[in-house]
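Chemist: Protein chains in written order, with my numbering: chain Z, 1 to 112; chain W, 1001 to 1114.
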Amino acid sequence: LAKTTQPISMDSYEGQEVNITCSHNNIATNDYITWYQQFPSQGPRFIIQGYKTKVTNEVASLFIPADRKSSTLSLPRVSLSDTAVYYCLVGEGSSNTGKLIFGQGTTLQVKP
Amino acid sequence: GAVVSQHPSRVICKSGTSVKIECRSLDFQATTMFWYRQFPKQSLMLMATSNEGSKATYEQGVEKDKFLINHASLTLSTLTVTSAHPEDSSFYICSAPLDSYGYTFGSGTRLTVV
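#1: Is there at least one Cβ from chain Z nearer than 8 Å to residue 1078 of chain W's Cβ?
#2: Taking all protein chains shown into account, decide if residue 90 of chain Z is buried (16 or more other Cβ within 10 angstroms of its Cβ) or exposed.
#3: Tell me the DSSP secondary structure of residue 94 of chain Z in three-state form.
#4: Please name the residue in W:1102, W:1087 and W:1077 whose C-alpha comes closest to that of residue 1005 of chain W.
#5: For the region 1006 to 1016 of chain W against the region 1029 to 1039 of chain W, are there 3 or more C-beta pairs whose distance is under 8 Å?
#6: Which residues share a DSSP beta bridge with residue 1110 of chain W?
#7: Relative to the alpha-carbon of residue 1050 of chain W, which residue among W:1039, W:1064, W:1040 and W:1042 has its alpha-carbon at the smallest distance?
#8: Can you pull the chain W neighbours of residue 3 of chain Z, defined as C-beta to C-beta under 7 Å?
#9: Taking 8 Å as the CB-CB cut-off, is residue 1049 of chain W touching chain Z?
#10: Tell me whether residue 1036 of chain W is buried or exposed, calling it buried when 16 or more other Cβ atoms sit within 10 Å of its Cβ.
#11: Where do the N-terminal and C-terminal ends of the beta strand (DSSP E) with residue 1036 of chain W fall, by residue?
#12: In the DSSP output, which residue or residues are listed as bridge partners for residue 11 of chain Z?
#13: Going along chain Z, which residues have a C-beta under 9 Å from residue 1046 of chain W?
#14: Could you tell me which uninterrupted beta strand (DSSP E) segments, each at least 3 residues in length, are contained entirely in the region 12 to 99 of chain Z, listed from first to last along the chain?
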């Protein structure tokens, strides 16, 4: 699985847009990019997945440039409840049976 | 959506005893489940892959005799921490891949060994 690199931590304020970038220079042709959110003492929760360009759902957007060597998770107008750890993972999305290897993640702290 | 139910959510046990953690897939069949351990302020560390009807596959450095995994049915995988010691205190999480894409995770088990 391709290794990912993210900032260890980020701070933001309520109402701001937050962008978390993940580097995955060794991404393979078949790899999808998936982001998970984890609150303290809970299991990770799926946020969004994409392969290229832009994907948007009700909670976030995912921007992937043409070379796919990085991706950016965008959280619009964050609230205090968005304080969590965000993980970027890269792997085969369409035939998920392989193990997920987590990187260090980005701890997002949203302040009032 | 697909849910993995993990129990117990927290457990305290005495050193030397064994603890069993269960993960059930509620509305889908999971031929594979993954078990993770997470220490405070650290990321999830994959311990083993549980395969229905066959032996689990353990990651390097994880003692298979200490962390017993059983996946006897398509909806249940269990992790037993045998002869637990304080250093085994951690947050244990199970996960299962979904047919569509992504993985679903259990809510985790906080194990404290005293």
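Cβ coordinates follow ideal geometry from the N, Cα and C atoms, glycine included.
Modeler: This is what the structure holds:
#1: Sequence index remark: in the second sequence, residue 1078 of chain W carries index 78 (1-based). No, because no Cβ of chain Z sits closer than 8 Å to the Cβ of residue 1078 of chain W.
#2: Mapped onto the first sequence, residue 90 of chain Z falls at position 90. It is buried - the Cβ of residue 90 of chain Z has at least 16 other Cβ atoms within 10 Å.
#3: By 1-based counting over the first sequence, the position of residue 94 of chain Z is 94. Because residue 94 of chain Z sits at a pLDDT of 46, beneath the cut-off of 50, its placement in the model cannot be relied upon, and the following sentence gives the value as read from the coordinates. Residue 94 of chain Z: coil per DSSP, three-state reduction.
#4: Walking along the second sequence from the start, residue 1005 of chain W turns up at place 5. Closest by alpha carbon: W:1077.
#5: A contact between stretches requires three or more CB pairs, one per stretch, nearer than 8 Å, and the region 1006 to 1016 of chain W fails this requirement with the region 1029 to 1039 of chain W.
#6: Within the second sequence, numbered from 1, the residue matching residue 1110 of chain W stands at position 110. In DSSP, residue 1110 of chain W forms a bridge with W:1010 and W:1091.
#7: Stepping through the second sequence from its first residue, residue 1050 of chain W is reached at position 50. It is W:1064 whose Cα lies nearest to the Cα of residue 1050 of chain W.
#8: As a working note, residue 3 of chain Z is residue 3 in the first sequence. Correct list: empty, because the minimum Cβ distance to chain W is about 13 Å.
#9: In the second sequence, the residue the question calls residue 1049 of chain W occupies position 49. Taking Cβ atoms only, chain Z reaches closer than 8 Å to residue 1049 of chain W, which makes this a yes.
#10: Here residue 1036 of chain W is taken as the residue at index 36 of the second sequence, counted from 1. By the 10 Å Cβ count, residue 1036 of chain W comes out buried.
#11: If you number the second sequence from 1, residue 1036 of chain W lands on position 36. 1032 to 1038 is the span of the beta strand (DSSP E), which, as asked, contains residue 1036 of chain W.
#12: Locating residue 11 of chain Z in the first sequence gives position 11, counting from the first residue. DSSP lists Z:109 as partners of residue 11 of chain Z.
#13: The residue labelled residue 1046 of chain W in the question sits at position 46 within the second sequence. Those within 9 Å of residue 1046 of chain W in chain Z are 99, 100, 101 and 102.
#14: 18 to 23, 31 to 38, 45 to 50, 53 to 56, 61 to 64, 70 to 75 and 84 to 92
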